[in-house]
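Under this note's numbering, read the sequence shown as residues 6 to 251, first letter to last.
Glycine is no exception: its CB is placed at the ideal position from the N, C-alpha and C atoms.
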Amino acid sequence: MAARVLLHLRPTFTPILARLALPAHRAMSIKVGDELPSVDLFEETPANSVNTRDLCAGRKVLLFAVPGAFTPGCSKTHLPGFINQAAAIKSKGIQEIACVAVNDPFVMAAWGERQSVGDKRNLGKVRMLADTNGEFTKALGLDQDLAVLGGLRSKRYSMVVEDGRVVQLNVEPDGKGLSCSLAENTVAKLHVQTSGRARQAARSPGIFCLACPMIVECGKINMVPGAAARKVLCGIIVAVCTKFLM
Numbered sequence: 006m007a008a009r010v011l012l013h014l015r016p017t018f019t020p021i022l023a024r025l026a027l028p029a030h031r032a033m034s035i036k037v038g039d040e041l042p043s044v045d046l047f048e049e050t051p052a053n054s055v056n057t058r059d060l061c062a063g064r065k066v067l068l069f070a071v072p073g074a075f076t077p078g079c080s081k082t083h084l085p086g087f088i089n090q091a092a093a094i095k096s097k098g099i100q101e102i103a104c105v106a107v108n109d110p111f112v113m114a115a116w117g118e119r120q121s122v123g124d125k126r127n128l129g130k131v132r133m134l135a136d137t138n139g140e141f142t143k144a145l146g147l148d149q150d151l152a153v154l155g156g157l158r159s160k161r162y163s164m165v166v167e168d169g170r171v172v173q174l175n176v177e178p179d180g181k182g183l184s185c186s187l188a189e190n191t192v193a194k195l196h197v198q199t200s201g202r203a204r205q206a207a208r209s210p211g212i213f214c215l216a217c218p219m220i221v222e223c224g225k226i227n228m229v230p231g232a233a234a235r236k237v238l239c240g241i242i243v244a245v246c247t248k249f250l251m
């Protein structure tokens, strides 16, 4: 009897349950301090993969993304801005600049050639990396649905990654505009960051701990990447150094 009642009520409750269903899980957007996801992008051809983690390992890299190759705002403003500012950006310690879009590598290569980004083998200004199926963009949580451009696309952003970790992130509020992610704004933030570090280093007495790769500044520990395993030992050394040498 109970089974027959439930079967009878099913058409009534199914639409209600559907409306109450939780939305599909969506990855949280990446933020400053997060580690860059490891995803293969493609450069020039599908046979030439570039792993994002490898690209940024031990280096300072600027990545910026556009909704689509050959689109007006990207072609007239966003990409040319980074091409023109490449020297200024690299003077701030950036070792590589790369443009990412959810396009195939042939389209990205053709767009880069049209924009005169330079051959990567000859120290080109900007590398053109294709996120062919949007895997990297989705892993960042910076994807958007733009039906007019073919569906899944990347939000417009710029980010600075240092040794695989995000240290600067500028995402356009509407995902498509041209403001915070522009080259000149990124350069301005890099100038502030590098100037701030220089001022702090100049006024902070410090010593270099010879026992392990770390800097002791005013009793604080600044770990050099790779030294975390020796944190306890180094903590003891720091305590001794700060007591007797500073």
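With distance defined between alpha-carbon atoms, name the residue in the options nearest to residue i.
i	options	result
Val37	Val192, Val171 and Gly180	Val171
Lys130	Pro72, Asp150, Phe75 and Ile94	Ile94
Cys104	Gln120, Val112, Gly98 and Leu84	Leu84
Val192	Ser159, Phe141 and Asn175	Asn175
Lys97	Val66, Pro72 and Leu60	Val66
Gly146	Ala70, Asp59 and Glu49	Ala70
Gln149	Pro178, Arg119, Val122 and Arg58	Pro178
Tyr162	Ala144, Lys181 and Leu151	Lys181
Glu101	Asp59, His196, Gln120 and Ala144	Asp59
Lys81	Lys194, Gly123 and Arg119	Arg119
Does the Cβ of residue i have 16 or more other Cβ atoms within 10 Å, making it buried, or fewer, making it exposed?
i	result
Arg132	buried
Ser184	exposed
Cys223	Because the pLDDT at Cys223 is just 32, under 50, the model does not fix this residue reliably, and the point stays unresolved.
Ser186	buried
Asn53	exposed
Ala261	In the structure displayed, the chain extends from 6 to 251; residue 261 sits before or after that span and is not available.
Pro72	buried
Lys225	Any answer about Lys225 is weak, because its pLDDT of 36 lies below 50 and its placement is not dependable; what the coordinates show is given next. So Lys225 counts as exposed.
Met164	buried
Ala114	buried
Thr57	buried
Leu46	buried
Who are the near neighbours of residue i in its chain, counting only those whose CB is closer than 8 Å to its CB and skipping five residues on each side?
i	result
Glu189	Gly86 and Gln90
Ser121	Ile88
Ser34	Leu145, Gly146, Leu147 and Val176
From the DSSP output, read off the bridge partner residues of residue i.
i	result
Arg132	Ala103
Val165	Leu67 and Gln173
Ser4	This structure leaves residue 4 out entirely; the chain is present only between 6 and 251.
Gly156	Leu151
Glu189	Glu189 pairs with nothing; no bridge assigned.
Glu40	Arg170
Beta-carbon within less than 7 Å of residue i's beta-carbon, same chain only, minus the 5 sequence neighbours each way: which residues are those?
i	result
Trp116	Ala74, Phe75 and Met133
Gly63	Asp168
Val107	Asp136, Gly139, Thr142, Leu157, Arg158 and Ser159
Val44	Thr57, Glu140, Phe141 and Ala144
Leu151	Pro72 and Arg158
His196	Lys97
Pro51	Pro110
Lys194	Gln173
Identify, in the order they occur along the chain, each residue of the same chain with its Cβ nearer than 6 Å to the Cβ of residue i, setting aside the five sequence neighbours on each side.
i	result
Ile99	Lys65 and Leu67
Val166	Leu41, Cys61 and Val66
Glu49	Pro110 and Ala114
Ala92	none
Cys79	Val71
Val112	Ala74
Gly123	Gly129 and Lys130
Asp39	Val171
If we define contact as Cβ-Cβ less than 8 Å, is residue i a contact residue for chain C?
i	result
Pro77	Looking for chain C here will not work: only one protein chain is present.
Run through the region 45 to 129 for me and flag every whole beta strand (DSSP E) of 3 or more residues, listed as ranges in chain order.
45 to 47, 54 to 56, 65 to 70 and 101 to 106
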